[in-house]
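Engineer: Residue numbers (my numbering), protein chains in the order written: chain H, 95 to 323; chain R, 28 to 327. Quick one: the structure is below, and I'll ask about it shortly.
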Amino acid sequence: MIVMRDVFKAYENGTKALKGINMEINDGEFAFLVGPSGSGKSTIIKLITGEVACTDGTVIVNGFDMNKIKLSKMHKVRRTLGVIFQDFRLIEDKTVYENVAFAMRVVGASKKEINKRVPYVLDLVGLDTRSNRRPNEISGGEQQRVAIARALVNNPRMIIADEPTGNLDPARSLEIMMMLEKINELGTTMLVVTHERELVNQFSKRVIAIDGGRIISDGMDGYYNYEEQ
Amino acid sequence: MGITTMKSNKIGYFLHEGISSIFNHGFMSFASVCIIIACLLIMGSFSLVALNVNNIIEVLESDNQVIAYVSEDYTEEEARALQPQLEQVANVSSVVFVTRDEAFDEFSGQYEDTGLLEDLGSDFLRDRYEIYMDDISLMQETKTALEQVTGIAEVSAHLEIAQGFTAIRNTVSIISLILAAILFVVSLFIMSNTIKLTTFERREEIAIMKMVGATSAFIRWPFIVEGLFLGLIGSLTAYVMQWGVYRLIEDRVVEVSGLAFLEVIDFNVIAVPLLIAFIAVGFCVGVIGSSVAIKNYLKV
């Protein structure tokens, strides 16, 4: 669950990225966060993942007050989150299996747990036959599925996908979005950042539109109705 | 049991990652080891020179005694009776009584033609004490204290030699210390930068680790293991090379007769402390260098 109350964020260079954000994303919910470049989407993601702190207001992520948590305890918040990026961010010299297993290993999982969980997750995203390939040997869509598997493998309460389809063609984009929807149906909260209107409008989900650091619409009708300037 | 298995899993992971990284970044690792070897060899060589200079000075100091002349009107028995008082003087390590006859024999032994001296006899000399000190740098204070003893007419001390020895010893020690400190910082800096390059190459991996919830310690340890091993490899190699160079110099000094007055410390005497010092420096350079290198990447 994410709670943001009167959140302001100004960077050191004077840029005011967020100007009083109020929103709540409940457990099990699927929400799109949409808006043009520079609208503040990335800042919201960074606040949730603890990469930056807000200047004013309250940010609560899965029960953790981000203003009060120490940097040394930040890993506790991040273990409740799975993050997917536009550029996949896979480790090139590791295989598909190793990329996913790596995410488990670094949080201290045993080999036994890894051997059991990784094949299951790879099967879930349809990559069970690709486990020994390296990222540069598979397609962009498959690479994003590896990233989804990596985000899923530690069984997070919430997945944050930052422009997950930005580097994919429409067919692969739809495929990835349907996969995220399926994961959400299994109980994982989903926050998807995107500016792909067509794609958003194919799903009847909550759409939070942001521009100039403010939320300009928040509707449950699943329609991306904000007109970019 | 579970916790133990998890800990051993983690230790295995840190060792595997740290050691793998050494081989994966072979050239950088080689460069780091070479830098550590070079710095340790220079540091070690200067320390050994300082140690030997100190040793030689100690030997020379032990020969540099103060002579306390007994008053002429004292009989030999009365002169001998002064010994306990002289031994009580601060900084005096030992005293040797020399009669005027013994002094005369020693004096005349230095000349081939002793005819003239035989006519003179020993009466022109005085009974005396050769006084050895614990700390030659306190020669002036010791001389003054000895002069206070009733029955001592005069004290002869080569203060300028004592001051010279002290100055040489202090200069060598200070130079070695400063040089060692500079080289330690240089090694640390180079080591840190070398590992920084490794961490830069792996910044994406580190960012992913942070993002999936790895603790800073978990990310840091493989780098520390890498630094530790590089430090150890460097220090052990440097030690073997230092040993070889020292033995070579030791043999040359013995061979060259003109340098016979130089008493070189046997390597076996310093082998263990030197090994410990090398390993300690290598360990510190490796661990501190890698900790500094990774620090910036863990601030997120």
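Every residue gets a Cβ at the ideal spot worked out from N, C-alpha and C, and that includes glycine.
Out of H:Arg173, H:Gly144, H:Thr189, which has the shortest C-alpha to C-alpha gap to asparagine 248 of chain H?
Structural biologist: Stepping through the first sequence from its first residue, residue 248 of chain H is reached at position 154. With distances taken between Cα atoms, asparagine 248 of chain H lies closest to H:Arg173.
Engineer: Measure from the C-beta of methionine 28 of chain R to each C-beta in chain H and report whether the shortest distance is under 8 Å.
Structural biologist: Counting from 1 along the second sequence, the entry for residue 28 of chain R is found at position 1. For methionine 28 of chain R, the pLDDT reaches just 43, beneath the cut-off of 50, and the residue's location in the model is therefore unreliable, leaving the point undetermined.
Engineer: At what residues does the beta strand (DSSP E) containing alanine 255 of chain H begin and finish?
Structural biologist: Here residue 255 of chain H refers to the residue found at position 161 when the first sequence is read from its first residue. From DSSP, the beta strand (DSSP E) with alanine 255 of chain H extends over 252-256.
Engineer: Can you look up serine 298 of chain H in the DSSP assignment and give me helix, strand or coil?
Structural biologist: Residue numbering aside, residue 298 of chain H sits at position 204 when the first sequence is read from its first letter. Three-state DSSP puts serine 298 of chain H in coil, outside helix and strand.
Engineer: One question on the structure: do isoleucine 328 of chain H and valine 287 of chain H come within less than 8 Å of each other, judged by their Cβ atoms?
Structural biologist: Because chain H is modelled from 95 through 323, residue 328 of chain H falls outside the range shown and cannot be assessed.
Engineer: Taking Cβ to Cβ, would you say threonine 373 of chain H is nearer than 8 Å to valine 128 of chain H?
Structural biologist: Because chain H here runs from 95 to 323, residue 373 of chain H falls outside it and cannot be looked at.
Engineer: Within the chosen definition, does the region 300-318 of chain H reach the region 264-284 of chain H through at least 3 CB pairs nearer than 8 Å?
Structural biologist: no
Engineer: I want to see whether chain R comes within less than 8 Å of threonine 149 of chain H, judged by CB atoms only; does it?
Structural biologist: For this step, residue 149 of chain H is matched to residue 55 along the first sequence. No, no contact with chain R.
Engineer: Report the CB separation of asparagine 91 of chain R from glutamate 168 of chain R in whole angstroms; it is logged as a contact under 8 Å.
Structural biologist: Along the second sequence, read from residue 1 onward, the residue named residue 91 of chain R stands at position 64. Along the second sequence, read from residue 1 onward, the residue named residue 168 of chain R stands at position 141. So it is not a contact: roughly 15 Å between Cβ atoms.
Engineer: Just the chain R side, please: which residues come within less than 7 Å of valine 177 of chain H by C-beta, in chain order?
Structural biologist: Along the first sequence, one-based indexing puts residue 177 of chain H at 83. Simply Met238.
Engineer: Under 8 Å, do methionine 252 of chain H and asparagine 156 of chain H count as touching if we go by C-beta distance?
Structural biologist: For this step, residue 252 of chain H is matched to residue 158 along the first sequence. For this step, residue 156 of chain H is matched to residue 62 along the first sequence. Yes, they are a contact pair.
Engineer: Check each residue of the region 219-243 of chain R: if its Cβ is closer than 8 Å to any Cβ of chain H, include it; give the result in chain order.
Structural biologist: Of all residues in the region 219-243 of chain R, those with a C-beta nearer than 8 Å to a C-beta of chain H are Glu231, Glu232, Ala234, Ile235, Met236, Lys237, Met238, Val239, Gly240, Ala241, Thr242, Ser243, reading in chain order.
Engineer: Compare the C-beta of glutamine 323 of chain H with all C-beta atoms of chain R and state if any pair is closer than 8 Å.
Structural biologist: One-based indexing of the first sequence puts residue 323 of chain H at position 229. Residue placement at glutamine 323 of chain H is flagged as unreliable, the pLDDT there being 45, under the threshold of 50; a coordinate-derived value is accordingly withheld.
Engineer: According to DSSP, simplified to helix, strand and coil, what is tyrosine 105 of chain H?
Structural biologist: On the first sequence, residue 105 of chain H is found 11 positions in, with the first residue counted as 1. It is coil, neither helix nor strand.
Engineer: Hey, could you find the ends of the beta strand (DSSP E) tyrosine 266 of chain R is sitting in?
Structural biologist: Indexing the second sequence from 1 puts residue 266 of chain R at position 239. From DSSP, tyrosine 266 of chain R is part of no beta strand (DSSP E) but of the alpha helix (DSSP H) over 243-282.
Engineer: Is there at least one Cβ from chain R nearer than 8 Å to serine 298 of chain H's Cβ?
Structural biologist: If you number the first sequence from 1, residue 298 of chain H lands on position 204. Serine 298 of chain H does not count as touching chain R.
Engineer: Report yes or no: is there a C-beta of chain R within less than 8 Å of the C-beta of arginine 228 of chain H?
Structural biologist: For this step, residue 228 of chain H is matched to residue 134 along the first sequence. At a cut-off of 8 Å between beta-carbon atoms, arginine 228 of chain H makes no contact with chain R.
Engineer: Cβ of alanine 125 of chain H less than 8 Å from any chain R Cβ?
Structural biologist: Residue numbering aside, residue 125 of chain H sits at position 31 when the first sequence is read from its first letter. No - not a single Cβ of chain R is within 8 Å of the one on alanine 125 of chain H.
Engineer: Taking the beta strand (DSSP E) that asparagine 323 of chain R falls in, what are its first and last residues?
Structural biologist: The count along the second sequence starts at 1 and reaches residue 323 of chain R at position 296. Looking at the DSSP string, asparagine 323 of chain R is not in any beta strand (DSSP E), and its letter there is neither H nor E.
Engineer: When DSSP builds the beta bridges, which residues end up paired with threonine 152 of chain H?
Structural biologist: Here residue 152 of chain H refers to the residue found at position 58 of the first sequence. In the DSSP output, where bridge partners are listed per residue, threonine 152 of chain H has H:Arg99.
Engineer: Kindly say whether asparagine 248 of chain H, judged by its beta-carbon, lies nearer than 8 Å to any beta-carbon of chain R.
Structural biologist: Along the first sequence, read from residue 1 onward, the residue named residue 248 of chain H stands at position 154. It does: the Cβ of asparagine 248 of chain H has a partner Cβ on chain R nearer than 8 Å.
Engineer: Since methionine 198 of chain H sits in a beta bridge, which residues does DSSP pair it with?
Structural biologist: To locate residue 198 of chain H, count along the first sequence from 1; it is residue 104. Paired residues: none, contrary to the question.
Engineer: Using the C-alpha atoms, what's the distance from valine 291 of chain R back to phenylalanine 310 of chain R?
Structural biologist: The residue labelled residue 310 of chain R in the question sits at position 283 within the second sequence. The residue labelled residue 291 of chain R in the question sits at position 264 within the second sequence. Cα to Cα, phenylalanine 310 of chain R sits roughly 29 Å from valine 291 of chain R.
Engineer: According to DSSP, simplified to helix, strand and coil, what is glycine 235 of chain H?
Structural biologist: The residue you call residue 235 of chain H lines up with position 141 of the first sequence. Glycine 235 of chain H falls in the helix class under three-state DSSP.
Engineer: Note down the Cα distance separating glycine 29 of chain R from leucine 75 of chain R, rounded to an integer number of angstroms.
Structural biologist: For the purposes of this step, residue 29 of chain R is identified with residue 2 of the second sequence, where counting begins at 1. For the purposes of this step, residue 75 of chain R is identified with residue 48 of the second sequence, where counting begins at 1. Low per-residue confidence applies at glycine 29 of chain R: pLDDT is 49, beneath 50, and the placement is therefore not dependable enough to give any value.
Engineer: On the criterion of 16 or more Cβ atoms from any shown chain inside 10 Å, does glutamine 269 of chain R qualify as buried, or is it exposed?
Structural biologist: In the second sequence, residue 269 of chain R corresponds to position 242, counting from 1. By the 10 Å Cβ count, glutamine 269 of chain R comes out buried.
Engineer: Mind pulling the chain H residues with CB within less than 7 Å of lysine 37 of chain R?
Structural biologist: Translated into positions along the second sequence, residue 37 of chain R becomes position 10. Under the 7 Å cutoff, chain H gives Gly202.
Engineer: In the DSSP assignment, find the unbroken alpha helix (DSSP H) run with threonine 283 of chain H in it and report its ends.
Structural biologist: By one-based count along the first sequence, residue 283 of chain H stands at place 189. Bounds of any alpha helix (DSSP H) do not take in threonine 283 of chain H; it lies within the beta strand (DSSP E) bounded by 283-288.
Engineer: Let me see if you follow: with CB-CB separation under 8 Å, is tyrosine 40 of chain R close to chain H or not?
Structural biologist: Taking the second sequence and counting its residues from 1, one reaches residue 40 of chain R at position 13. It does; some Cβ of chain H falls within 8 Å.
Engineer: Identify the contact partners of phenylalanine 245 of chain R in chain H, using a Cβ-Cβ distance below 9 Å as the criterion.
Structural biologist: For the purposes of this step, residue 245 of chain R is taken as the residue at position 218 of the second sequence. Here the neighbours are His169, Val200, Val201, Gly202.
Engineer: Let me see if you follow: with CB-CB separation under 8 Å, is serine 136 of chain H close to chain R or not?
Structural biologist: Counted from its first residue, the first sequence places residue 136 of chain H at position 42. So, not an interface residue.
Engineer: As a quick exercise: from H:Gly234, H:Met168, H:Lys113, pick the residue whose alpha carbon is nearest that of alanine 104 of chain H.
Structural biologist: Residue numbering aside, residue 104 of chain H sits at position 10 when the first sequence is read from its first letter. Alanine 104 of chain H has its Cα closest to that of H:Lys113, out of H:Gly234, H:Met168, H:Lys113.
Engineer: Count the other C-beta atoms from every protein chain shown that fall within 10 angstroms of the C-beta of tyrosine 324 of chain R, then say buried if there are 16 or more, exposed otherwise.
Structural biologist: Counting from one through the second sequence, the residue named residue 324 of chain R turns up at place 297. It is buried - the Cβ of tyrosine 324 of chain R has at least 16 other Cβ atoms within 10 Å.
Engineer: Considering phenylalanine 336 of chain H, what are the terminal residues of the beta strand (DSSP E) in which it resides?
Structural biologist: Look at the range of chain H in this structure, 95 to 323, and you will see that residue 336 of chain H is not part of it.
Engineer: Count the other CB atoms, across all protein chains shown, that sit within 10 Å of the CB of alanine 77 of chain R; report buried if there are 16 or more and exposed otherwise.
Structural biologist: Taking the first residue of the second sequence as 1, we reach residue 77 of chain R at position 50. That one is buried.
Engineer: Under the three-state reduction of DSSP, which class applies to isoleucine 46 of chain R: helix, strand or coil?
Structural biologist: Here the question's residue 46 of chain R lines up with position 19 in the second sequence. Isoleucine 46 of chain R: helix per DSSP, three-state reduction.
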